[in-house]
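Heads up: the structure comes next, in structure tokens.
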Amino acid sequence: MAILEVEKLHKYFGKTEVLKGIDFSMEKGTVLSIIGSSGSGKTTLLRCLNFLETPDEGKILVNGEPIFDAADNKRANEKMLRMNRLHFGLVFQSFNLFPQYTIKRNLTLAAELLEKEKGADKSKLRTYLDQKAMELLGQVGLADRAEAYPCELSGGQQQRVAIARALMLNPDILCFDEPTSALDPELTGEVLRVIKGLKSTDSTMIIVTHEMNFAKNVSDVVMFIADGMIEEMGAPEDIFDNPKSPKLKNFLANSLELNI
Amino acid sequence: MSFLEVTLQLLDGFWKTLYIFGITLVLALPLGLIVTFGSMSKFTPLRWLSRTFVWIIRGTPLMLQIILVFFGPGLLFNWPSLAREVAVIIAFVINYACYFSEIYRGGIESIPQGQYEAGQVLGMTKTQVFFKVVLFQVIKRIIPPIGNEIITLVKDTSLARVIAVTELVKAAQDIVGLKAIIWPIFYVGAFYLLFCGLLTILFRFIEKKLNYYRG
């Protein structure tokens, strides 16, 4: 069964229609990359999935269960919205770590608040969360920086922390919004390697990216969005080596030009 | 008049200054936050009301406001007039709350949207995001302007004399007028300098403490 189904998603900003009916589904444990020129709507789609934007029309289902339906006019209350949101994790382009907390605290803060809400035992909770945080930091290669502050880390390291922070809450689907766009070229490699490493752990991921080679290597499915619609979707070999739509051909030609 | 006599008389005035200063600070700092929420509210009438209020308070002299609070109730509505100190404190608290509110607003609006979004996608409530993520960053950013405002408050307390509250400056002027000696004026200056100096050191210390991170 599909882990995520998106049906006829529309989003307007004022009178501009940014998403013009997005339909797709993805399987558990697969990696979906979304490519397209800026302004095409890829980031908006990702933000809709994370409820940072509210779609104007359409449905979102996770594991077959509807978690959003624009036609349902009784708006989800804040608690339900928060719980539905936790199906997704999001790694931002600009990391958005909390600067006043140590790296470890960046990981444990939200998890601790959620567990306390469920009434978890405080004393054991701290030890358990610290342990889990250290494990994840180890996984992204930053266990030795647990007590450092975000400002003491490079951009690439901060982004790796942000990935660990998102994993802390065990999201069903982990989303990346251009995770390397704010990084110096020599720092993108370490972040992409971490994402690639996650693929081997069977994580389900949606990656909005401008790194064409990376998208080709890491994805199971690639989606090309143009003008708020899915222009073409398929296996990476098909998308990159046999593009059918003229828009995609054009986009790829321009992207490759940049790789000179 | 001996140095000791002058000192004792000035200390009387200084306690009053300190009293106005302390109570104003304790009440105006939280009240300012409430005004901030008003002027940042999504509910337009409340926002306009708050912003108009801030405009009037910041747009008229504090001295005028003190006079109005003291004489207004009696002359407008025939109410019994307030104790002088109470009138002074009401005027000061309202005035400083409005200045603080604008500093808070600037601080809150300077926090990048990404901080709120990061908190939200991690399942935090809006309240949790404000208190656990944003507030501390706001405090760090507003310490310098708040320190500035607090040092201004020390000296603004001298306006209380306009309704004959004998604070530090009036205490000194009374001596000068009565005894025809000028040095208590310089002495009073030293009181202010010392007090503001201590505050400066305190704020520098707080800033340094909060400087353990950048951003």
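Sequence order for the protein chains is A and B.
Residue numbers are given in the working numbering: position 41 of the first sequence equals residue 52, and the series is strictly consecutive.
Residue numbers are given in the working numbering: position 191 of the second sequence equals residue 200, and the series is strictly consecutive.
The beta-carbon is built from N, C-alpha and C at its ideal position, and this holds for glycine as well.
For residue 244 of chain A, the secondary structure class from DSSP, reduced to helix, strand or coil, is strand. Nearest C-alpha to residue 118 of chain A among A:147, A:105 and A:131: A:147.
For residue 170 of chain A, there are no C-beta contacts with chain B under 9 angstroms, since the nearest C-beta of that chain is about 13 angstroms from it.
Per DSSP, reduced to three states, the secondary structure at residue 129 of chain A is coil, with no helix or strand assignment. Selection B:118, B:135, B:172 and B:176 evaluated against residue 148 of chain B yields B:118 as nearest (Cα-Cα). Note on residue 61 of chain A: 16 or more other CB atoms within 10 angstroms of its CB, so buried under the neighbour-count rule. Against chain A, a Cβ distance below 8 angstroms from residue 140 of chain B picks out nothing, because the smallest value is about 10 angstroms. At the C-beta level, residue 181 of chain B and residue 171 of chain B stay beyond 7 angstroms of one another. Judged by beta-carbon spacing, residue 112 of chain B lies within the 7 angstroms limit of residue 151 of chain B, meaning their Cβ atoms are closer than that value. For residue 209 of chain A, the enclosing alpha helix (DSSP H) has its first and last residue at 196-210. For residue 94 of chain A, no beta strand (DSSP E) run applies; the uninterrupted alpha helix (DSSP H) run containing it begins and ends at 89-96, by DSSP. Considered as a whole, the segment 11-79 of chain B harbours 12-48 and 53-68 as its complete alpha helix (DSSP H) runs of no fewer than 4 residues, in chain order.
Judged by DSSP in its simplified three-state form, residue 146 of chain A adopts helix. The straight-line gap separating the alpha-carbon atoms of residue 223 of chain A and residue 261 of chain A is approximately 14 angstroms.
For residue 121 of chain A, the residues of chain B that pass the 7 angstroms Cβ criterion are 131, 132 and 133, in the order they occur in the chain.
Annotation for residue 54 of chain A: the continuous alpha helix (DSSP H) segment containing it runs 53-60. Under the Cβ criterion (8 angstroms, minimum of three pairs), the segment 13-30 of chain B counts as touching the segment 174-188 of chain B. Neighbourhood of residue 123 of chain B in chain A, by CB distance below 7 angstroms: 103, 105 and 107, in chain order. No Cβ-Cβ contact shorter than 7 angstroms links residue 51 of chain A with residue 175 of chain A. Proximity of residue 162 of chain A to chain B, defined by a Cβ-Cβ separation below 7 angstroms, is satisfied. If one requires a minimum length of 4 residues, the alpha helix (DSSP H) runs lying completely within the segment 168-205 of chain B are 177-188, in chain order.
Chain-ordered, the chain A residues with CB closer than 7 angstroms to the CB of residue 222 of chain B read 110, 111, 160 and 162. Using a CB distance below 7 angstroms, the part of the segment 39-70 of chain A facing chain B consists of 61 and 63, ordered along the chain. Spatial neighbours of residue 33 of chain B in its own chain (CB-CB distance under 7 angstroms, excluding positions within 5 residues in sequence) are listed in chain order as 98, 101, 102, 105 and 162.
Of all residues in the segment 140-155 of chain B, only 141, 142, 145, 146 and 149 come within less than 9 angstroms of chain A when Cβ atoms are compared, listed by chain position. Annotation: the continuous beta strand (DSSP E) that includes residue 23 of chain A extends over 13-24. Three or more beta-carbon pairs separated by less than 8 angstroms are not found between the segment 136-156 of chain A and the segment 182-195 of chain A, which leaves the two stretches without contact.
Contact between residue 102 of chain A and residue 230 of chain A is ruled out by a C-beta separation of about 16 angstroms, above the 8 angstroms threshold.
Between residue 108 of chain A and residue 66 of chain A, the C-beta spacing is not below 7 angstroms. Taken through DSSP and simplified to helix, strand or coil, residue 151 of chain A comes out as coil. Here the alpha carbon of residue 71 of chain B sits roughly 47 angstroms from the alpha carbon of residue 159 of chain A. Residue pairing by DSSP leaves residue 215 of chain B without any beta bridge partner. If you draw a straight line from the Cα of residue 30 of chain A to the Cα of residue 116 of chain A, it comes to about 37 angstroms. Judged by their CB atoms, residue 213 of chain A and residue 40 of chain A are nearer to each other than the 7 angstroms cut-off.
Assignment of residue 214 of chain A by DSSP, reduced to helix, strand and coil, places it in the coil class. Beta-bridge annotation (DSSP): residue 27 of chain A is paired with A:24.
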